[in-house]
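For the record, the sequence lines run as chains S and V. Counting in my numbering, the first sequence runs from 9 upward without gaps. Counting in my numbering, the second sequence runs from 9 upward without gaps. Note that the Cβ used here is the ideal one computed from N, Cα and C, for glycine as well. These numbers were taken from a predicted model, which means no experiment stands behind them. Presented below is the structure to which this report refers.
2 protein chains.
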Amino acid sequence: MPNTGLTTRQKLILSLIVKEFTRTAQPVASNHLLSEYNLDLSSATIRNEMAVLVEIGYLRQPHTSAGRIPTEEGYRFFVGQLMQQTELPEPTRRSITEQFSLTRPETDEWMRLAASVLANESQGASLVTAPQHINAQFKHLELISLRGRQILMVLVMTSGEVHQQMLTLAEPVAQETLSATANTITRLCTNQDIKGVTAISSQNDALTDDIIRMVKDLMHQSTGEISADIYRDGLLNVLTQPEFSESKHARQALRILEERPLLESLLSQTVLNSDIGVVQVIIGGEGNWEELSECSMVLARYGMNGTATGTVGVLGPIRMRYGRNISTVRFVAGLLSEIVMETHNLPQNVEKFEDE
Amino acid sequence: MPNTGLTTRQKLILSLIVKEFTRTAQPVASNHLLSEYNLDLSSATIRNEMAVLVEIGYLRQPHTSAGRIPTEEGYRFFVGQLMQQTELPEPTRRSITEQFSLTRPETDEWMRLAASVLANESQGASLVTAPQHINAQFKHLELISLRGRQILMVLVMTSGEVHQQMLTLAEPVAQETLSATANTITRLCTNQDIKGVTAISSQNDALTDDIIRMVKDLMHQSTGEISADIYRDGLLNVLTQPEFSESKHARQALRILEERPLLESLLSQTVLNSDIGVVQVIIGGEGNWEELSECSMVLARYGMNGTATGTVGVLGPIRMRYGRNISTVRFVAGLLSEIVMETHNLPQNVEKFEDE
DNA sequence: AATTAGCACTCTCGTTGCGAGAGTGCTAAT
DNA sequence: ATTAGCACTCTCGCAACGAGAGTGCTAATT
């Protein structure tokens, strides 16, 4: 370990203070540390060390005669240098895996479950965005007449995503014609990405051309930077934390999760640039986000780079169990990555089987 | 109007107190009423009348020397007997209609928009369940090979609902076989409801039988009493209300919207028995729901009776603008009903056009 | 030189007391 | 039946105060 400017003892004390404060939400007094852990020190020594840590900027006291609490910088140092990365305990891992295996194999069920698991494990709020398929390719199109001029367009992508759109034609068209059109388009577009679909030349058939345009729009919509679907859970957990008993802070925290534009700008500035599997920790506002001033977030991307990715994370008070939450987020992200890879992998296999 | 045991003046005073308290969230004093509205009365007379209303149980005072606030009973009387039903002002109606017309014609977009509109208009939290199609009939089935043993099943109902399910077969099957199977099943099941599908005899083909079983399951899932999808919005608005500045009350209120089982039991005991277009008002816990003790809800069903229905509503503090919220909920419910009818109407027309 | 015991000092927090103000309830007059 | 007038009650904000918690500093100890 590099010389970080702190003695081992100072690191120990900082760690213990973070640990105790995380547990009790009360400023930690020198005597308190002594009674909880049997250190070979006197309270006076601890006080001296604490004074140094205050000087450095890792601790502060709410008022003159109170114990110490970590500053945001203190937490950052703790998370970056002191905390040992642990893996999630085996029983927890098994329990989570089991819940996933018991779920219907549909994306939105998985997202919901992931959000629920994260909320429970972290005792905070959770946040999951559905996997965003970049460069997903056209797989199949179906046109179904519902009544009169109204038809349903169902577009299936190679990723297994299904997009549907209801549309009203200028005049009624028979189901047979629709099916024929759908088949034609399917033949033309199979395995094309948006670019490919855009490049298809006009078919001299108004209906076909119209539908192809709509397919393109639909494909375009589904390849934005941030998925339309954001799953949340555990908002109540956040309100339960003592730091959010004042409604002002509570509102600030919930705003992050409720207001889409806010959340999207946050995600795009942080986790969207990071690699799959890397867990990002945002401690306090970091100077950028007013709304996060009382909160921390632990975020990670999951999926396959350049193909299909989403974001998972938890939000809680700055005084959160970083170690535990990082492990949980990493584990859940890993599970979701596996799911994405399983469903997305090797689309060419399909053709192999078709050739049989 | 029947003799309700109250003099006209008492009704007036009760109305004004409800109105003022709704506006200011402060106990209403006799002098305050005089200064706000120019009544031909003295404060002493008002005090006498207020004393009577306290006796009856429609008002109470937080403490001896405070103004009066309505009791739950008082609100109920106000909503049931005193409040005049107004329609939503024209500009508001037009604005809402316009927002709907600008939205992509997809169910979930509409639900989201409805929730957003209700949250904004009521300045409270809103709640929308997707339309639940009862007796919806089979329309079309598609089976698409994704890779190897994994296939995607897409089921379209006459209502325009699309259900999808990924499944893994025991062994890989060629896309052509899948398409043939899908066609067979579509032919067998078209326009059948669950009973009809259940009644279909075995086809002596393991794959076909398997898929039919899954179709049945999928149809079964989608015809439960309460839809899987619940849209919420405006949770933050609730926290902004002064009565929820204490986190205890705020948590209670949010629990109703966050905890599925709670919400479902609430809905099933109230709005599910009511008719389309009728707006239900739940004021306070009504003795049944501890969590609602500080809140009121305004709920309505929308859709077509016996065919496809959903629920819309708002949640706010007991001190809410009932008149306004009832109008808003009724209007939005009406809009959604129209949408349901438009998309659901006359499925037999489809065949008519097919015969052309 | 580092650690510690001892103690004075500071600040919070809960309690108490008090006065002003708001609003009522009652009584007596209209 | 209504109202003016007034005494009464209760809240709220403020100040004072003492107990307790925890520190910082100094001087003694290892």
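Practice task
Find out if the Cβ-Cβ distance for the pair V/Asp201, V/Gln145 is shorter than 8 Å.
Solution key: Working through the second sequence from its first residue, we reach residue 201 of chain V at position 193. Working through the second sequence from its first residue, we reach residue 145 of chain V at position 137. In this structure, V/Gln145 lies closer than 8 Å to V/Asp201 by Cβ.
Exercise for the section: Step through the CB atoms of chain V and report whether any lies within less than 8 Å of the CB of S/Gln145. Expected result: The sequence position of residue 145 of chain S within the first sequence is 137, counting from 1. No, because no Cβ of chain V sits closer than 8 Å to the Cβ of S/Gln145.
Exercise for the section: Could you please give the first and the last residue of the uninterrupted beta strand (DSSP E) stretch that includes S/His148? Expected result: Position 140 of the first sequence holds residue 148 of chain S. DSSP places S/His148 inside the beta strand (DSSP E), whose first and last residues are Phe146 to Arg155.
Problem - As assigned by DSSP and simplified to three states, the class of S/Gly324 - result: Here residue 324 of chain S refers to the residue found at position 316 when the first sequence is read from its first residue. S/Gly324 falls in the strand class under three-state DSSP.
Practice task
Can you have a look at S/Met9 and say buried or exposed, based on whether 16 or more other CB atoms are within 10 angstroms of its CB?
Solution key: Reading the first sequence from its first residue, position 1 is the one you call residue 9 of chain S. Residue placement at S/Met9 cannot be trusted, given a pLDDT of 45 that sits under 50; what the coordinates show is reported in the next sentence. S/Met9 is exposed by the Cβ-count criterion.
Practice task
Please go through the same chain and pick out, in chain order, the residues whose beta-carbon is closer than 7 Å to the beta-carbon of V/Val164, but skip the five residues on each side of it.
Solution key: Counting from one through the second sequence, the residue named residue 164 of chain V turns up at place 156. Once the five neighbours on either side are set aside, the close Cβ partners of V/Val164 are Lys147, His148 and Val170.
Handout entry: Minimum Cβ-Cβ distance from V/His379 to chain S less than 8 Å
Key = Within the shown structure, residues of chain V are numbered from 9 to 364, placing residue 379 of chain V beyond reach of any answer.
Practice task
Find out if the Cβ-Cβ distance for the pair S/Gly126, S/Val340 is shorter than 8 Å.
Solution key: Position 118 of the first sequence holds residue 126 of chain S. Position 332 of the first sequence holds residue 340 of chain S. Contrary to the premise, residue 126 of chain S reads as Leu rather than Gly in this sequence. Closer than 8 Å, so yes.
Problem - Coarse secondary structure for S/Pro139, derived from DSSP in three states - result: For the purposes of this step, residue 139 of chain S is taken as the residue at position 131 of the first sequence. The answer is coil: DSSP assigns S/Pro139 none of H, G, I, E or B.
Practice task
Would you check if the segment 94–114 of chain V and the segment 269–284 of chain V touch, i.e. whether three or more CB-CB distances between them fall below 8 Å?
Solution key: In short, these stretches do not touch, since the Cβ pair count stays below three.
Handout entry: Sufficient close CB pairs (3 or more, under 8 Å) joining the segment 314–334 of chain S to the segment 66–74 of chain S
Key = The answer is no - the segment 66–74 of chain S does not touch the segment 314–334 of chain S, with fewer than three Cβ pairs under 8 Å.
Practice task
Compute the distance between the beta-carbons of S/Glu302 and S/Pro269, then report whether it is under 8 Å.
Solution key: As a first step, residue 302 of chain S is located in the first sequence; it is residue number 294 there, counting from the start. As a first step, residue 269 of chain S is located in the first sequence; it is residue number 261 there, counting from the start. Note that the C-beta distance between S/Glu302 and S/Pro269 is not below 8 Å.
Handout entry: Straight-line gap, S/Ala52 to S/Tyr330 (C-alpha atoms, nearest Å)
Key = Along the first sequence, one-based indexing puts residue 52 of chain S at 44. Along the first sequence, one-based indexing puts residue 330 of chain S at 322. One C-alpha to the other measures close to 29 Å.
Practice task
Name the one or two DSSP bridge partners that S/Cys303 has.
Solution key: Locating residue 303 of chain S in the first sequence gives position 295, counting from the first residue. Paired residues: S/Pro325.
Practice task
Using a Cβ-Cβ cut-off of 8 Å, state whether S/Leu3 counts as contacting chain V.
Solution key: Any question about residue 3 of chain S goes unanswered here, given that chain S covers just 9 to 364.
Problem - Residue-level contact to chain S via CB, V/Ser253, 8 Å cutoff - result: By 1-based counting over the second sequence, the position of residue 253 of chain V is 245. Using a Cβ-Cβ cut-off of 8 Å, V/Ser253 counts as an interface residue toward chain S, since at least one Cβ of chain S sits closer than that to its own.
Exercise for the section: Just the C-alpha distance for V/Gln173 and V/Tyr66, rounded to the nearest angstrom, thanks. Expected result: Residue mapping note: residue 173 of chain V aligns to position 165 of the second sequence, counting from 1. Residue mapping note: residue 66 of chain V aligns to position 58 of the second sequence, counting from 1. C-alpha of V/Gln173 to C-alpha of V/Tyr66: approximately 54 Å in a straight line.
Practice task
Measure from the C-beta of V/Val164 to each C-beta in chain S and report whether the shortest distance is under 8 Å.
Solution key: As a position in the second sequence, residue 164 of chain V is number 156, starting the count at 1. So yes, V/Val164 belongs to the interface.
Problem - Whole-angstrom distance between S/Val136 and S/Glu117, CA atom to CA atom - result: Within the first sequence, the letter at position 109 stands for residue 117 of chain S. Within the first sequence, the letter at position 128 stands for residue 136 of chain S. Roughly 12 Å between the two C-alpha positions.
Practice task
Using the DSSP secondary-structure output, state which residues sit across from V/Gln288 in a beta bridge.
Solution key: Within the second sequence, the letter at position 280 stands for residue 288 of chain V. As computed with DSSP, V/Gln288 is found in a beta bridge with V/Leu307.
Practice task
Using a Cβ cut-off of 8 Å (strictly closer), state whether V/Gly168 contacts chain S.
Solution key: Looking up residue 168 of chain V in the second sequence gives position 160. At a cut-off of 8 Å between C-beta atoms, V/Gly168 counts as an interface residue with respect to chain S.
Practice task
At 4 residues or longer, and completely inside the segment 190–221 of chain V: list those alpha helix (DSSP H) runs for me, N to C.
Solution key: Along the length of the segment 190–221 of chain V, whole alpha helix (DSSP H) runs at least 4 residues long occupy 202–207, reported in chain order.
Practice task
Out of V/Asp217, V/Glu267 and V/Asn333, state which residue places its alpha-carbon closest to the alpha-carbon of S/Asp241.
Solution key: For the purposes of this step, residue 241 of chain S is taken as the residue at position 233 of the first sequence. Ranking V/Asp217, V/Glu267 and V/Asn333 by Cα distance to S/Asp241 puts V/Glu267 first.
Handout entry: DSSP three-state assignment for V/Thr319, whether helix, strand or coil
Key = Walking along the second sequence from the start, residue 319 of chain V turns up at place 311. Correct three-state label for V/Thr319: strand.
Handout entry: Exposure label - V/Glu350; buried when at least 16 CB within 10 Å
Key = Numbered from its first residue, the second sequence carries residue 350 of chain V at position 342. Counting Cβ neighbours within 10 Å, V/Glu350 comes out exposed, since fewer than 16 surround it.
Problem - Residues near S/Glu364 by beta carbon distance below 6 Å, same chain, minus five either side - result: Along the first sequence, one-based indexing puts residue 364 of chain S at 356. Unreliable placement is indicated for S/Glu364, whose pLDDT of 36 sits below 50; the coordinate value is still reported in the next sentence. Correct list: empty, nothing qualifies.
Exercise for the section: Would you list, in chain order, the members of the segment 173–193 of chain V that have their beta-carbon closer than 9 Å to a beta-carbon of chain S? Expected result: The residues in question are Gln173, Met174, Leu175, Thr176, Pro180, Val181, Ala182, Gln183 and Glu184.
Practice task
Compute the distance between the beta-carbons of V/Leu24 and V/Gly82, then report whether it is under 8 Å.
Solution key: The residue you call residue 24 of chain V lines up with position 16 of the second sequence. The residue you call residue 82 of chain V lines up with position 74 of the second sequence. Not closer than 8 Å, so no.
Practice task
For V/Lys360, count neighbouring C-beta atoms within 10 Å of its own C-beta (all shown protein chains included) and say buried if the count is 16 or more, exposed if not.
Solution key: Translated into the one-based positions of the second sequence, residue 360 of chain V becomes position 352. For V/Lys360, the predicted structure reports a pLDDT of 38, less than 50, and the residue's modelled location is therefore unreliable. A value from the coordinates is still provided. When all chains shown are included, V/Lys360 counts as exposed.
Handout entry: Interface flag, S/Leu344 vs chain V, CB-CB below 8 Å
Key = By one-based count along the first sequence, residue 344 of chain S stands at place 336. Answer no: the Cβ-Cβ gap between S/Leu344 and chain V never drops below 8 Å.
Practice task
Sort out for me which residues DSSP pairs V/His171 with in a bridge.
Solution key: Locating residue 171 of chain V in the second sequence gives position 163, counting from the first residue. DSSP, once it has assigned bridges, lists V/Leu163 as partnering V/His171.
Handout entry: V/Tyr239, DSSP secondary structure in three states
Key = The residue you call residue 239 of chain V lines up with position 231 of the second sequence. Of the three classes helix, strand and coil, the one that applies to V/Tyr239 here is strand, per DSSP.
Problem - Cβ-based burial, S/Ser167 [other Cβ within 10 Å; buried from 16] - result: Locating residue 167 of chain S in the first sequence gives position 159, counting from the first residue. Buried, because 16 or more other Cβ atoms sit within 10 Å of the Cβ of S/Ser167.
Practice task
Indicate the three-state DSSP secondary structure (helix, strand or coil) for V/Leu61 in the structure shown.
Solution key: Here residue 61 of chain V refers to the residue found at position 53 when the second sequence is read from its first residue. In this structure, V/Leu61 counts as helix in the three-state DSSP scheme.
Exercise for the section: Could you tell me the distance, in whole angstroms, from the CA atom of S/Gly311 to the CA atom of V/Tyr239? Expected result: Taking the first sequence and counting its residues from 1, the one referred to as residue 311 of chain S is at position 303. Taking the second sequence and counting its residues from 1, the one referred to as residue 239 of chain V is at position 231. Roughly 27 Å between the two C-alpha positions.
Handout entry: Bridge partners - V/Glu254, DSSP secondary structure assignment
Key = As a working mapping, residue 254 of chain V is identified with position 246 in the second sequence. Per DSSP, S/Glu254.
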